[in-house]
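Each remark here refers to the structure printed beneath this line.
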Amino acid sequence: MPSVVLLRGINLGAKNKVDMKSLKALFMEMGYENVQTYIQTGNVLVEQSVIDADAPSIEAALRESYGFEIPVAVRSKEELAEIVQLPIFSKEQVYVMFLVQEISEEQQEMLSSLIDDEFVVWNKQNVIINLSKNYHQTKFTNAFFERKLGIPSTARNKNTVIKILGKLS
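Using this note's numbering, you'd call the opening residue of the sequence shown number 3 and step up by one each time.
Here it is as structure tokens:
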């Protein structure tokens, strides 16, 4: 089953630059097949199944190659397909925060008390939010979720999720 490895915090400013061609080559060296990258924000699509247990070895290879920490969230094609079928996903300003680990019931309750925009926690590792303001005007950004949950995450907008899913088909 095809998977996507979502990298956090690369190519967003002057630091943490990662060339997509070298990233693709690194994944091929690690034994992944039919590796593709999609846009410069760190979406690596591979033909085979990648599981959460693979994340530490991927992160270690990234650290060794690029010299800085790059948290990764791994999702299967099936998981993305289920996310896009959620009713909230049909809304306008949808973002998915892909968490690198599961959150607890207490953390979910805490989010419910803090967030006034419509959101869903799916599979304890994804926060899907429909923003009432655009991403650059809202306080409910990736940084907000990382701060409140104490868990690295990486955000992708609705269009990016749909395109990644299409490329995994």
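Positions of the beta carbon are idealized from the N, C-alpha and C atoms, including for glycine.
- If one requires a minimum length of 3 residues, the beta strand (DSSP E) runs lying completely within the region 62-135 are 74-78, 96-101, 120-124 and 128-132, in chain order.
- Ser24 carries a helical assignment under DSSP once its states are collapsed to helix, strand and coil.
- When DSSP reads this structure, Arg158 sits in a beta bridge with Val98.
- Residue Leu113 holds the alpha-carbon nearest to the alpha-carbon of Arg149 among Ser134, Asn125 and Leu113.
- Taking 8 Å as the cut-off, the beta carbon of Ile12 is found no closer than this to the beta carbon of Ile60.
- Taking each of Ile130, Pro89, Ile153 and Asn36 in turn and checking the Cα distance to Asp119, the smallest one comes out for Ile130.
- For the options Met32, Glu107, Asp54 and Lys141, the alpha carbon positioned closest to that of Val123 is the one of Glu107.
- In this structure, the CA atom of Ala75 is about 23 Å from the CA atom of Ile117.
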